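Student:
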Amino acid sequence: MIFNMFKSKPTLKELIPNGFVDIHSHVLPGIDDGAKDVKESLVLIQEMKKLGFGKIIGTPHTYKGLYDNNRESIENSYYKLLDNLDDKNILDYATEYMVDESLIDKSRCKKILCLKDNFVLFEMSFISKPIGLFDIIYEMKVNGYTPILAHPERYLFLSKKEYIELKKRGCLFQANLLSTTDYYGVHIRKNLEKLLADNIIDFVGSDIHNLLHISAFERNVKIKNIEILNKIIEQNSKFK
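Here this note's numbering is used: position 66 in the sequence shown is 71, and no number is missing along the way.
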């Protein structure tokens, strides 16, 4: 869509193409800080469909000591939800790994749960860069995986040089759509604008946990380079 003819910015929901593939969400029930139960999951998915979402990949946290998920717990939650869905083609599953040394062992043993093919979604602390980050990324790459860092715009401690270094080492980047609306704060949106201008971002995701996130799609987009964002949104079709 072309919006530069308007004085005001479009709402976020206006940028969502029909059939949009979401690679980051927390709609699987009772497994992390997202949907609490199947009932809430169904409401979230219904609202996401209204926004134009055509495929939703549930990516619950796998975070040692907080959300100790594994393939079995994630699949149990997924199939429990799937049994209650009329449109079963809309839902898929993976996970959002908290980066730590366990990813090295999982990479070597080929036990990583992927978005599609060999793409691995991971996150890190919002406070500081984890020790051994580049080594963990190296292990994922050398064992045939392609790491995707979730919401890179939210890691304000990273320098431009570090973003570029991560990119050089084969890490891809998935921005949160809500960051475009100042949902997480002005500084996050401004950081996203810089990353977009530097061609750092590869994909987007909703990171939807609850109905508050759904309602935030009514907000106006505040970033300047909407044309670049539109092109990146289209790249999510890779995960159909």
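Just so you know, even glycine gets a beta-carbon here, dropped at the ideal spot from N, CA and C. If you're wondering where the values come from, they're calculated on a predicted model, not measured in any experiment.
If Ile213 and His31 are in contact, beta carbons under 8 Å, what's the gap, nearest whole angstrom?
Tutor: With 8 Å as the limit, Ile213 and His31 qualify as a contact, their Cβ atoms being about 7 Å apart.
Student: Tell me which residues share the same chain as Pro157 and place their Cβ nearer than 6 Å to its Cβ, disregarding the 5 neighbours each side in the sequence.
Tutor: Here the set comprises Phe178.
Student: Three-state secondary structure (DSSP) at Leu163?
Tutor: Coil.
Student: Unbroken beta strand (DSSP E) runs of length 3 or more, entirely within the region 64 to 141: which are they?
Tutor: 96 to 98, 101 to 103 and 124 to 128, all fully within the region 64 to 141.
Student: Just how far apart, CA to CA, sit Lys115 and Thr186?
Tutor: Each residue's alpha carbon lies about 38 Å from the other.
Student: Going by DSSP, what residue range makes up the beta strand (DSSP E) through Ile21?
Tutor: That residue, Ile21, is in no beta strand (DSSP E); it is neither H nor E in DSSP.
Student: Okay, do the region 131 to 140 and the region 195 to 204 touch, 3+ Cβ pairs below 8 Å being the bar?
Tutor: No, they do not touch.
Student: Per DSSP, Ala155 forms a beta bridge with which residues?
Tutor: Ala155 is bridged to Gln179.
Student: What is the DSSP secondary structure of Val191, counted as helix, strand or coil?
Tutor: Helix.
Student: How about Lys18 and Leu56: do their beta carbons lie closer than 7 Å?
Tutor: Yes, these two residues count as a Cβ contact at 7 Å.
Student: What is the rounded straight-line gap between the Cα of Tyr68 and the Cα of Leu20?
Tutor: If you take the alpha carbons of Tyr68 and Leu20, they lie about 32 Å apart.
Student: Please report the residue range of the beta strand (DSSP E) in which Val256 lies.
Tutor: Not covered by the structure: residue 256. The range shown for the chain is 6 to 245.
Student: Can you name the start and end residues of the beta strand (DSSP E) that Val209 belongs to?
Tutor: Its beta strand (DSSP E) spans residues Phe208 to Gly210.
Student: Roughly how many angstroms separate the alpha carbons of Ile5 and Ala99, rounded to a whole number?
Tutor: This structure leaves residue 5 out entirely; the chain is present only between 6 and 245.
Student: Mark Arg113 as exposed unless 16 or more other C-beta atoms lie within 10 angstroms of its C-beta, in which case mark it buried.
Tutor: Exposed: under 16 other Cβ atoms inside 10 Å.
Student: Does DSSP put Lys60 in a helix, in a strand, or in coil?
Tutor: In this structure, Lys60 counts as strand in the three-state DSSP scheme.
Student: Check whether the Cβ atoms of Val226 and Ala180 lie closer than 7 Å to each other.
Tutor: No, Cβ-Cβ distance for Val226 and Ala180 is not below 7 Å.
Student: If you compare alpha carbons, which of Lys121, Glu167 and Leu217 is closest to Tyr150?
Tutor: Of the candidates Lys121, Glu167 and Leu217, the one whose C-alpha sits nearest the C-alpha of Tyr150 is Lys121.
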